[in-house]
Amino acid sequence: MLVHPLTTSILCLLIVLPLVRLVTPAVRKNDAAGDQETMHRLLAVSELLQSHRVQADQSPPDLWRQRLGSEEATRLWVNSNGTIWWTAWLSDGPAVLVLPATPSDPPAEQSSLRIEFADDLHAKVFAQQSAGSRPPRSRLMNQCLDLLREGPAVHWTDAAVSSMAGPIARLLPSASNGCLRLTRTGAQIRFSGVVSSLSLEQAPAGVQLVAPLFRGKERLPMTPVADDALLLGLESPAADQLLRRLLTNESIQQSLKSNFGLPSSTLTTLLKAPLQIRLTPVSRGPFQAVLHMNLRLTMPRARLASTLNSVGEALEERGLVRQVVDVINPDGRSASEAVVWSRADGPPLGGWIVAPSDDSLQRVELSLGGSPLPSDPGSTDPGTRLSMTMLPRELVKRGLMADSWSETIQQAVSLKLQLQPLFKNRADWQWLEGQLAEP
1 MLVHPLTTSI LCLLIVLPLV RLVTPAVRKN DAAGDQETMH RLLAVSELLQ SHRVQADQSP
61 PDLWRQRLGS EEATRLWVNS NGTIWWTAWL SDGPAVLVLP ATPSDPPAEQ SSLRIEFADD
121 LHAKVFAQQS AGSRPPRSRL MNQCLDLLRE GPAVHWTDAA VSSMAGPIAR LLPSASNGCL
181 RLTRTGAQIR FSGVVSSLSL EQAPAGVQLV APLFRGKERL PMTPVADDAL LLGLESPAAD
241 QLLRRLLTNE SIQQSLKSNF GLPSSTLTTL LKAPLQIRLT PVSRGPFQAV LHMNLRLTMP
301 RARLASTLNS VGEALEERGL VRQVVDVINP DGRSASEAVV WSRADGPPLG GWIVAPSDDS
361 LQRVELSLGG SPLPSDPGST DPGTRLSMTM LPRELVKRGL MADSWSETIQ QAVSLKLQLQ
421 PLFKNRADWQ WLEGQLAEP
């Protein structure tokens, strides 16, 4: 049973979306990737467009067999070794297969790409939708097109996120559009590129598919994650990167105010707070994991106490029982007072700890699915980046990851990534890089 179904799903679905259909590794550059005009049309109307490199020592993908038949698929696969091919997902229907011309193709076919649709109807829809398409106008989109023609890469739009993630796609808008380069070294799949809440066609001239220069403390080493005591960890300089569209929704704001006494001013303070999330496994009880959240709130202590009292009263009205217990701090020598909530004679369902403070900066520990735990007060500041580590295979074992994800994602040993703003005081254009480790 998932303690907080939205949290894990949001982070998995929206941050690692471009890896869902990752199939083939990189080998070498191909300078004859296909017809540019056709690529313009594909990029203009595709919700998601991904490039792959043919590996002739492997079997042809299922999509090739479905569109071409086994015999033709095998012939073309072998003859196309090392070249780039594409899969495109339009607004409706199954994936479109896009193939480069090969030396063995008849001369008439060498001047353009070969596009294989599931049926004639989808071919007609593509022709109609792409008839008035124009070449990319932004520098970033042209660079993305070059990536897609030269090696494994992926471009996606907010429509792709919405169709795959549904309503929860709105909870992480900063990665709703993007273009990433994909590379493989052994069992490690690395990805890097630009993501945004806006269409890449709106990118300012200064946004490029070139890694920015990070300060040393801002950049995480992309080493494998081996700590299976932490199923998911996330640090964000502000909670609004994850919760903005949720907590600014008028109906949700009204519900929180009427049911828990949380005014919009409190929600605004919450969205500005640095946030840390930890999802830890449990071996007993009704839950598979406990979600721990650390918030650093800028508000007077009296106001925080009043807010938590309002929430507590609302929980008591719903039949939950309050307990106040002492929990050992990380130093092993002191304890913190924790408020723990449960049903009568039931296991802990969640709670909070308010760390001692003499100023307006309050550190609050929240939990769902178990008792709250005090964090180390010396925890690192996330700076300006959002960083995340997760163990997909362990999440799958506990039923905490949807089975709609590809086998590549579900079997991954670990995933590590970071998001860094490309402009100071602006979060609408960010650099995303990370690494996925396969078994």
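If you read the sequence shown in the numbering used here, its first letter stands for residue 1, the second for the next number, and so on.
The beta carbon of each residue, even a glycine, is placed where N, CA and C say it ideally should be.
Return helix, strand or coil for residue i, following the three-state DSSP convention.
| i | result |
| --- | --- |
| residue 53 | strand |
| residue 24 | Only weak support is given to the placement of residue 24: the predicted model assigns it a pLDDT of 34, under 50, and the value that follows is read from those uncertain coordinates. Here residue 24 sits in coil by DSSP. |
| residue 294 | strand |
| residue 146 | helix |
| residue 347 | coil |
| residue 202 | helix |
| residue 310 | helix |
| residue 192 | strand |
| residue 259 | helix |
| residue 284 | coil |
| residue 270 | helix |
| residue 38 | helix |
| residue 65 | helix |
| residue 125 | helix |
| residue 428 | strand |
| residue 33 | Confidence is the limiting factor: at residue 33 the pLDDT is only 37, short of 50, which leaves the residue's position unreliable, though a coordinate-based value still follows. Residue state, collapsed to three classes: coil. |
| residue 162 | helix |
| residue 324 | strand |
| residue 140 | helix |
| residue 250 | helix |
| residue 180 | strand |
| residue 236 | strand |
| residue 218 | Note that residue 218 scores a pLDDT of 49, beneath 50, so its modelled location is shaky; the value from the coordinates is reported in the next line. Of the three classes helix, strand and coil, the one that applies to residue 218 here is helix, per DSSP. |
| residue 302 | helix |
Which same chain residues, not among the five before or five after residue i, have their C-beta less than 8 Å away from its C-beta?
| i | result |
| --- | --- |
| residue 203 | 138, 139, 140, 141, 194, 196 and 429 |
| residue 192 | 180, 181, 211, 431, 432, 433 and 434 |
| residue 63 | 87, 95 and 97 |
| residue 80 | 54, 56, 99, 100 and 102 |
| residue 318 | none |
| residue 269 | 297, 298 and 299 |
Below 7 Å CB to CB, which residues in the same chain sit around residue i once its five sequence neighbours on both sides are set aside?
| i | result |
| --- | --- |
| residue 74 | 60 |
| residue 456 | Residue coverage of the chain in this structure runs from 1 to 439, which leaves residue 456 outside it and unanswerable. |
| residue 271 | 238, 239, 240, 243, 244 and 247 |
| residue 41 | 130 and 133 |
| residue 446 | The chain is shown from 1 up to 439; residue 446 falls before or after that span and cannot be answered. |
| residue 423 | 429 |
At a Cβ threshold of 8 Å, is residue i touching chain D?
| i | result |
| --- | --- |
| residue 254 | In the structure shown, chain D does not exist; there is a single protein chain. |
Whole-angstrom Cβ separation of residue i and residue j, contact assumed at under 8 Å?
| i | j | result |
| --- | --- | --- |
| residue 352 | residue 320 | Rounded, the Cβ-Cβ distance is 13 Å, inconsistent with contact. |
| residue 278 | residue 292 | 4 Å |
| residue 339 | residue 295 | No, residue 339 and residue 295 are not in contact; Cβ-Cβ is about 15 Å, not under 8 Å. |
| residue 126 | residue 45 | 7 Å |
In its own chain, which residues sit with a C-beta less than 6 Å from the C-beta of residue i, not counting the 5 before and 5 after it?
| i | result |
| --- | --- |
| residue 234 | 277 and 388 |
| residue 224 | For residue 224, the predicted model reports a pLDDT of 49, less than 50, meaning its position is unreliable; a value from the coordinates is still stated below. Closer than 6 Å at Cβ, skipping near neighbours: 414 and 437. |
| residue 99 | 85 and 114 |
| residue 267 | 247 |
| residue 144 | 155 and 179 |
| residue 417 | 388 and 434 |
| residue 478 | Residue coverage of the chain in this structure runs from 1 to 439, which leaves residue 478 outside it and unanswerable. |
>> Going residue by residue through the region 390-423, where are the continuous alpha helix (DSSP H) segments of at least 4 residues, counting only ones entirely within it?
In response: As far as the region 390-423 is concerned, its whole alpha helix (DSSP H) runs of at least 4 residues are 392-397 and 407-410.
> Touch check for the region 387-395 and the region 410-419: three-plus C-beta pairs under 8 Å?
Replying inline: Because the criterion of three Cβ pairs below 8 Å is met, the region 387-395 and the region 410-419 touch.
> With contact counted as at least three CB pairs below 8 Å, one residue from each stretch, are the region 263-281 and the region 324-343 in contact?
Replying inline: No: the two stretches stay apart, fewer than three of their Cβ pairs being nearer than 8 Å.
>> Quick check for students: name the residue ranges of the beta strand (DSSP E) that lie wholly in the region 66-94, counting only runs of 3 or more.
In response: As far as the region 66-94 is concerned, its whole beta strand (DSSP E) runs of at least 3 residues are 84-89.
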